[in-house]
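Trainee: The opening position of the sequence shown corresponds to residue 11 in the working numbering, with each subsequent residue numbered one higher.
Using N, Cα and C, we set each Cβ at its ideal position, and we do this for glycine too.
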Amino acid sequence: MFDTAPTLAPADQPPLRDRVSPEEWRLRVDLAAAYRLVALFGWDDLVFTHISARVQGPEHHFLINPYGMLFEEITASSLVKVDMDGKVVLDTGFPVNPAGFTIHSAVHQVREDAGCVLHLHTADGTAVSTLEEGLLPLNQTAQLVIDDLAYHDYEGVAFEHDERPRLQRDLGTKNTMLLRNHGTLTVGRTVAEAFTRMYFLERSCTMQVRTLTMGRPLYPAPQGAIERNIQISRQGVSQAANLLVWPALLRRLARQMPGYQD
């Protein structure tokens, strides 16, 4: 379905920024920033895993990473635009990973609120996804995650489109997911929201791995405190993610990994 070799875009084409809407360009900049931030946080997996973002409009096009580029290399112009059938509609000279297309198109297909879908294969996220009990409410961070957490059983590398209905069913209306034996996934109306949710999910997993590896008795959190934190989590992350977290992260990128806006 997909060619796996990069091609060269025509040299005489105008800059991509001049060929897309201002709204799409802003989305491209945010999505490229998310890729760079994943690399900066050490969450990347060579050229594998993906972050996608839906382009405004009735076509249901979305942007995804060019297969074969490291996350630290991705720019706004290099992102590939595809349709729901996986067909490239705006070529940047690189192919798309078919497994990435399967997972991300499944979510975008049924979730109108899925402006961005982020999927990772981190060591700690995958470790917790492989535990029978999954994520435990061991600490405040995990307690702010678990009420919005879904699980999807592993079916192998996600090449088969017939997995999509089961992934859609398992995710439901949740915004965070542990893909069993595989990794982590988050959904957001914006790139900022998906990234912020992933930060807390990954941090929860890392805290659990570190806690359990100490091999010491666990100090239980009071059930009342867990329930209060769950109620707090239901207020959502939108305002903090978009107004506080994301601008701060972009300032960090400007200092440490500039160039994603190109």
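1) Take the Cβ of S31 as the centre, count every other Cβ of all protein chains shown within 10 Å, and call the residue buried at 16 or more, exposed below.
2) Within a Cβ cutoff of 6 Å, which residues of the same chain sit near Q153, ignoring the five residues on either side of it in sequence?
3) Can the beta-carbon of V201 be found less than 8 Å from the beta-carbon of A44?
4) Please return the same chain residues whose Cβ sits closer than 6 Å to the Cβ of L181, not counting the five positions on each side in sequence.
5) Could you compute how far the alpha carbon of D93 sits from the alpha carbon of P76?
6) Can you give me the start and stop residues for the alpha helix (DSSP H) that A63 sits inside?
7) Got a sec? Which residues, its chain only, sit under 6 Å from A15 by beta carbon, not counting five neighbours each side?
8) Going by DSSP, name the residue or residues bridged to L73.
9) When you compare the region 116–131 with the region 183–197, are there three or more beta-carbon pairs, one atom per stretch, that lie closer than 8 Å?
10) Span of the alpha helix (DSSP H) holding V7?
11) Tell me the start and end of each unbroken alpha helix (DSSP H) in the region 123–155 that is at least 4 residues and wholly inside, in chain order.
12) What first and last residue would you give for the beta strand (DSSP E) that runs through Y161?
13) Using the rule of at least 16 other Cβ atoms within 10 Å of the residue's Cβ for burial, across every protein chain shown, is V99 buried or exposed?
14) P105: which of N252, L89, Q119 and F81 sits nearest, CA to CA?
15) Could you please give me the residues that DSSP links to T85 through a beta bridge?
16) First and last residue of the alpha helix (DSSP H) that includes G234?
17) Would you tell me roughly how many angstroms separate the C-alpha atoms of M264 and T216, rounded to the nearest one?
18) Less than 8 Å between the C-beta atoms of I34 and G135, yes or no?
19) Quick one: Cα of L50 to Cα of M267, how far?
20) Got a sec? Which residues, its chain only, sit under 8 Å from N191 by beta carbon, not counting five neighbours each side?
21) For V247 versus T206, is the C-beta distance shorter than 8 Å?
22) Using DSSP bridges, identify the partner residues of T194.
23) Taking just the CA atoms, how far does L195 sit from F58?
Mentor: In short:
1) In the sequence shown, counting from the first residue as 1, residue 31 sits at position 21. With fewer than 16 Cβ atoms within 10 Å of its Cβ, S31 is classed as exposed.
2) Taking the first residue of the sequence shown as 1, we reach residue 153 at position 143. Same-chain partners within the cutoff: P147, I236 and N239.
3) Here residue 201 refers to the residue found at position 191 when the sequence shown is read from its first residue. Here residue 44 refers to the residue found at position 34 when the sequence shown is read from its first residue. The answer is yes: Cβ separation under 8 Å.
4) Stepping through the sequence shown from its first residue, residue 181 is reached at position 171. These residues qualify, in order along the chain: A160 and M187.
5) Translated into the one-based positions of the sequence shown, residue 93 becomes position 83. Translated into the one-based positions of the sequence shown, residue 76 becomes position 66. Cα to Cα, the separation comes out at about 15 Å.
6) Here residue 63 is taken as the residue at index 53 of the sequence shown, counted from 1. Not the alpha helix (DSSP H): A63 falls in the beta strand (DSSP E), residues H60 to R64.
7) For this step, residue 15 is matched to residue 5 along the sequence shown. Residue placement at A15 is flagged as unreliable, the pLDDT there being 41, under the threshold of 50; the coordinate-derived value follows with that caveat. Hits under 6 Å: none found.
8) Numbered from its first residue, the sequence shown carries residue 73 at position 63. In the DSSP output, where bridge partners are listed per residue, L73 has A63 and K91.
9) yes
10) In the structure as shown, the chain starts at 11 and stops at 272, and residue 7 therefore has no counterpart that could be examined.
11) 133–140 and 150–153
12) The count along the sequence shown starts at 1 and reaches residue 161 at position 151. Segment L159 to H162, the beta strand (DSSP E) holding Y161.
13) As a working mapping, residue 99 is identified with position 89 in the sequence shown. Classification for V99: exposed.
14) On the sequence shown, position 95 is the one that residue 105 refers to. Measuring from the Cα of P105, the nearest candidate turns out to be L89.
15) As a working note, residue 85 is residue 75 in the sequence shown. DSSP, once it has assigned bridges, lists no residue as partnering T85.
16) By 1-based counting over the sequence shown, the position of residue 234 is 224. That run of the alpha helix (DSSP H) goes Q233 to S243.
17) The residue labelled residue 264 in the question sits at position 254 within the sequence shown. The residue labelled residue 216 in the question sits at position 206 within the sequence shown. Looking at the sequence provided, one finds Ala at residue 264 rather than Met. Computed Cα separation, rounded: 27 Å.
18) Within the sequence shown, numbered from 1, the residue matching residue 34 stands at position 24. Within the sequence shown, numbered from 1, the residue matching residue 135 stands at position 125. The amino acid at residue 34 is misidentified as Ile; the sequence shows Glu. No, the pair does not count as a contact, with Cβ atoms beyond the cut-off.
19) Indexing the sequence shown from 1 puts residue 50 at position 40. Indexing the sequence shown from 1 puts residue 267 at position 257. Straight-line Cα distance between these residues: approximately 8 Å.
20) In the sequence shown, counting from the first residue as 1, residue 191 sits at position 181. T136, S139, T140 and Y164, listed in sequence order.
21) Within the sequence shown, numbered from 1, the residue matching residue 247 stands at position 237. Within the sequence shown, numbered from 1, the residue matching residue 206 stands at position 196. Contact flag set, yes.
22) Stepping through the sequence shown from its first residue, residue 194 is reached at position 184. Partner(s): L130 and L188.
23) In the sequence shown, the residue the question calls residue 58 occupies position 48. In the sequence shown, the residue the question calls residue 195 occupies position 185. C-alpha separation (whole angstroms): 14 Å.
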